[in-house]
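In this text, residue positions in the sequence shown follow the working numbering: the first is 2, and each later residue adds one.
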Amino acid sequence: MSNIISAQNLTLSYESDEEIISDASFSVKKGEFVFITGPSGSGKSTLLKSFYGNLKPEQGNLTMGGLDMTTIKKSKLQELRTHLGIVFQDYRLINEWTVEKNVVLPLWIAGYSKEVQSTQAQRLLHHVKLSGKEQKYPMELSGGEQQRVGVARALAKNPFLILADEPTGNLDEYSSNVIWDLLENACQQLDTTVVVVTHKIPAVFNIPYKHLRIEKGKVYEVH
Numbered sequence: 002m003s004n005i006i007s008a009q010n011l012t013l014s015y016e017s018d019e020e021i022i023s024d025a026s027f028s029v030k031k032g033e034f035v036f037i038t039g040p041s042g043s044g045k046s047t048l049l050k051s052f053y054g055n056l057k058p059e060q061g062n063l064t065m066g067g068l069d070m071t072t073i074k075k076s077k078l079q080e081l082r083t084h085l086g087i088v089f090q091d092y093r094l095i096n097e098w099t100v101e102k103n104v105v106l107p108l109w110i111a112g113y114s115k116e117v118q119s120t121q122a123q124r125l126l127h128h129v130k131l132s133g134k135e136q137k138y139p140m141e142l143s144g145g146e147q148q149r150v151g152v153a154r155a156l157a158k159n160p161f162l163i164l165a166d167e168p169t170g171n172l173d174e175y176s177s178n179v180i181w182d183l184l185e186n187a188c189q190q191l192d193t194t195v196v197v198v199t200h201k202i203p204a205v206f207n208i209p210y211k212h213l214r215i216e217k218g219k220v221y222e223v224h
């Protein structure tokens with residue numbers, strides 16, 4: 002299996018005098034499910050940001066899908082992001098747009114036909130148990146439903162990698178379970194690599210996973 006993410010002696014910081022992640026070396030293989038845990042403020046979200054190019058490495062190397070994130074050009078970074086599915090804790094939906102339009106945003110940006118967008122929206126909304134809510138607006142949905150729209154949007158272009166930042170942090174048990182099932186299925190059935198930042202790994206999780214923990218700037222694998 003090839004590495005989707007590879008870090009060698011990776012150091013990340015927002016200001017050069019304060020290292021958030023220090024000298025980290027790890028890899029994530031194609032098709033793996035990875036949990037990243039650690040105390041609040043340990044740098045979990047910071048590490049995730051470096052994966053989609055919102056933060057460049059201070060030192061060391063980070064490659065994503067074979068691309069060097071230290072020297073990546075803007076056009077290549079934009080291209081990489083079109084192949085990623087990103088799920089944010091605060092949903093990041095466009096409130097003026099319908100649920101359907103939010104889901105197909107990545108397809109719309111990529112120039113897919115209306116027909117393809119509509120078909121994919123129907124399929125995904127059925128998948129996330131939101132059939133019949135296509136024409137609703139985000140503010141008409143519960144938090145759990147909004148997050149499920151966020152996951153549907155992340156899956157819209159069949160990404161090779163899903164990055165999720167505390168995807169169930171604010172959700173009730175039912176919605177949390179739906180989200181975990183969706184991410185498990187993406188990993189198992191589509192062979193999508195999934196990396197999830199979370200404060201707590203779910204008690205019941207049905208597929209093998211890798212566990213990376215961050216403490217005091219160090220990243221290590223928990224066995």
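Idealized CB from N, CA, C, for every residue including glycine.
Which whole-angstrom value is the C-beta distance of residue i and residue j, which I expect to be below 8 Å?
i: Q121; j: W109; result: Contact flag wrong, Cβ pair sits at about 11 Å.
i: T199; j: I5; result: No, T199 and I5 are not in contact; Cβ-Cβ is about 19 Å, not under 8 Å.
i: V179; j: K130; result: 6 Å
i: C1; j: G66; result: Since the displayed the chain opens at 2 and closes at 224, residue 1 lies outside it and no answer follows.
i: P58; j: L11; result: 6 Å
i: P168; j: Q90; result: 7 Å
i: Q9; j: N62; result: 4 Å
i: G144; j: L172; result: 6 Å
i: I87; j: Y53; result: 6 Å
i: S43; j: E216; result: 6 Å
i: S23; j: G218; result: 4 Å
i: L226; j: L81; result: In the structure as shown, the chain starts at 2 and stops at 224, and residue 226 therefore has no counterpart that could be examined.
i: Y233; j: F34; result: It is not possible to answer for residue 233, since the shown part of the chain is limited to 2 through 224.
i: T64; j: K158; result: Not confirmed; about 21 Å, so no contact.
Between the options, which lies nearest to residue i when the distance is taken from Cα to Cα?
i: V223; options: E167, I37 and S23; result: I37
i: K45; options: S14, V205 and G66; result: S14
i: D182; options: H128, Q79, N62 and E146; result: H128
i: K30; options: K217, I215, V196 and R214; result: V196
i: L49; options: K158, L162 and Q60; result: L162
i: L142; options: Y92, T47, P160 and T64; result: Y92
i: L191; options: R214, R124, A25 and P160; result: P160
i: Q79; options: A111, E97 and Q60; result: A111
i: A165; options: F27, T47, S114 and G133; result: T47
i: I208; options: L184, V220, S28 and K77; result: L184
Quick one: grab the DSSP three-state call for residue i.
i: S114; result: coil
i: V100; result: helix
i: E59; result: coil
i: T199; result: coil
i: A25; result: strand
i: G32; result: coil
i: H84; result: coil
i: E141; result: helix
i: L68; result: strand
i: E135; result: coil
Could you check where the beta strand (DSSP E) with residue i kicks off and where it finishes?
i: E222; result: K219 to V223
i: N4; result: N4 to E16
Starting from residue i, follow the alpha helix (DSSP H) in both directions and report where the run begins and ends.
i: V179; result: E174 to L191
i: E167; result: Taken as a continuous stretch (DSSP letters only), E167 belongs to no alpha helix (DSSP H), as it is neither H nor E.
i: R214; result: That residue, R214, is in no alpha helix (DSSP H); its beta strand (DSSP E) goes K211 to E216.
i: L229; result: Absent from the model: residue 229. The displayed extent of the chain is 2 to 224, so no value can be given.
i: S51; result: K45 to F52
The stretch 99-113 touching the stretch 151-160, judged by at least three CB pairs closer than 8 Å: yes
Meets three-Cβ-pair contact criterion under 8 Å: the stretch 133-146 and the stretch 92-102: yes
Contact between the stretch 70-85 and the stretch 141-151 (3+ Cβ pairs under 8 Å): no
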